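Visitor:
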Amino acid sequence: EAQVTQNPRYLITVTGKKLTVTCSQNMNHEYMSWYRQDPGLGLRQIYYSMNVEVTDKGDVPEGYKVSRKEKRNFPLILESPSPNQTSLYFCASSLLQGSYNSPLHFGNGTRLTVT
Amino acid sequence: AQSVAQPEDQVNVAEGNPLTVKCTYSVSGNPYLFWYVQYPNRGLQFLLKYITGDNLVKGSYGFEAEFNKSQTSFHLKKPSALVSDSALYFCAVRDGDSGTYKYIFGTGTRLKVLA
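Taken in order, these protein sequences are the chains called V and W.
With the numbering used here as the guide, the letters of the first sequence map in order to residues 19 to 133.
With the numbering used here as the guide, the letters of the second sequence map in order to residues 2 to 116.
1) Could you check the C-alpha separation between glutamine 72(W) and asparagine 102(V) for me, to the nearest Å?
2) Please state whether DSSP places serine 61(W) in a helix, a strand or coil.
3) Going along chain W in order, which residues have a C-beta closer than 9 Å to the C-beta of phenylalanine 124(V)?
4) If we define contact as Cβ-Cβ less than 8 Å, is leucine 61(V) a contact residue for chain W?
5) For the beta strand (DSSP E) holding methionine 68(V), just list the boundary residues, first then last.
6) I need the straight-line Cα distance from cysteine 109(V) to valine 39(V), nearest angstrom please.
7) Give the residues of chain W in contact with proline 121(V), contact being defined as C-beta atoms less than 7 Å apart.
8) Counting only beta-carbon atoms, is tyrosine 102(W) nearer than 8 Å to chain V?
9) Run through DSSP, which three-state label would aspartate 56(V) get?
10) Would you verify that the beta carbon of tyrosine 11(V) is, or is not, closer than 8 Å to some beta carbon of chain W?
11) For lysine 82(V), return the contacting residues in chain W, with the cut-off set at a CB-CB distance below 9 Å.
12) Can you find a CB in chain W that lies within less than 8 Å of the CB of tyrosine 28(V)?
13) By the criterion of Cβ-Cβ separation under 9 Å, what are the contact partners of glycine 107(W) in chain V?
14) How big is the Cα-Cα spacing for alanine 2(W) and serine 27(W)?
15) Within 10 Å of its beta-carbon, does proline 19(W) have 16 or more other beta-carbons around it, so buried, or fewer, so exposed?
16) Name the DSSP beta bridge partners of proline 32(W), please?
17) How many Å lie between glycine 100(W) and serine 85(W) at the Cα?
18) Based on the DSSP output, what are the partners of histidine 76(W) in its beta bridges?
19) Would you tell me roughly how many angstroms separate the C-alpha atoms of aspartate 74(V) and tyrosine 65(V), rounded to the nearest one?
20) From the DSSP output, which residues share a beta bridge with aspartate 74(V)?
21) At least one CB of chain W closer than 8 Å to the CB of phenylalanine 92(V): is that the case?
22) Show which residues of chain W have a CB atom less than 9 Å away from the CB atom of tyrosine 66(V).
23) Distance cutoff 8 Å, beta carbons only. Does phenylalanine 75(W) sit that close to anything in chain V?
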């Protein structure tokens, strides 16, 4: 089954303790991206990647890191989490077709709470 | 700069009535426009997109959207609402001429279809 898999689904941590949220897709998609969803703010893009070793900032990259060493994986790293990073996080992927890209496929989300 | 506005936090409609969820956008280049739906505890699912061509776009589950360039709008419509359409709907835009793959999402509109 074609899917984007995020882990964990729920995570509670303390301020300053490094964490990684994993994202993996099995559709051979070139494009992958991370979003955070907050009430009243909708989804905001954190980082995106157009292929292996190619990443770029979205609108809210501060406090986050990403890496794209393999095509299928795009982990989101919080080196020193803070309470304002408490949010619902989504990973998404799509094909790239020239200047177009196919619609985004989303994972089921990771709810992160930083205390 | 790109932006998307969904002016209504919530739309209530009776089952069987037509529904409209509004979206307006701003991009400097060619707009690539998308609608996604989110059910509880799930990631977003693609409904439909406008890249180029006919202004009326048909998508999944009987939804359609009309691209209006002069009004910079991309409203989502359905002729006859179902209770199962109740969900959170997001409009998104990407600037097709920018050379980047940054997506901007609206803040979301909660649709409630009343039996």
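From the three backbone atoms N, C-alpha and C, an ideal C-beta is built for every residue, glycine too.
Since the structure is predicted, the reported quantities are computational estimates derived from the model, not experimental observations.
Guide: Let's see:
1) Taking the CA atoms as reference points, glutamine 72(W) sits about 36 Å from asparagine 102(V).
2) Here serine 61(W) carries a helix assignment [DSSP, helix/strand/coil].
3) The contacting residues are Tyr37, Gln39, Arg43, Gly44, Leu45, Gln46, Phe47.
4) Closer than 8 Å to some Cβ of chain W, the Cβ of leucine 61(V) qualifies, so yes.
5) Methionine 68(V): member of the beta strand (DSSP E) spanning 60-69, first to last residue.
6) When the Cα atoms are used, cysteine 109(V) and valine 39(V) turn out to be separated by approximately 10 Å.
7) Chain W residues near proline 121(V): Phe35, Phe47, Lys50.
8) At least one C-beta of chain V is nearer than 8 Å to the C-beta of tyrosine 102(W).
9) Annotated three-state conformation of aspartate 56(V) is strand, per DSSP.
10) The structure shown does not extend to residue 11(V), since chain V is modelled only from 19 through 133, so no value can be given for it.
11) Here residue 82(V) is tyrosine; the residue named in the question, lysine, does not match the sequence. Contact annotation for tyrosine 82(V) against chain W: no contact, minimum CB-CB distance about 15 Å [criterion: below 9 Å].
12) No - not a single Cβ of chain W is within 8 Å of the one on tyrosine 28(V).
13) Around glycine 107(W), the beta-carbon contacts reaching into chain V at under 9 Å are Gly60, Leu61.
14) One C-alpha to the other measures close to 7 Å.
15) Counting the other Cβ atoms within 10 Å of the Cβ of proline 19(W) gives fewer than 16, which makes it exposed.
16) Proline 32(W) is bridged to Asp96(W).
17) Each residue's Cα considered, the two are about 38 Å apart.
18) In the DSSP output, where bridge partners are listed per residue, histidine 76(W) has Glu67(W).
19) Aspartate 74(V) and tyrosine 65(V): Cα-Cα distance of roughly 6 Å.
20) Per DSSP, Tyr66(V).
21) With 8 Å as the cut-off, phenylalanine 92(V) does not count as an interface residue toward chain W.
22) Within 9 Å Cβ-Cβ: Thr101, Tyr102, Lys103, Tyr104.
23) No, phenylalanine 75(W) lies away from the interface with chain V (no Cβ there is under 8 Å from its Cβ).
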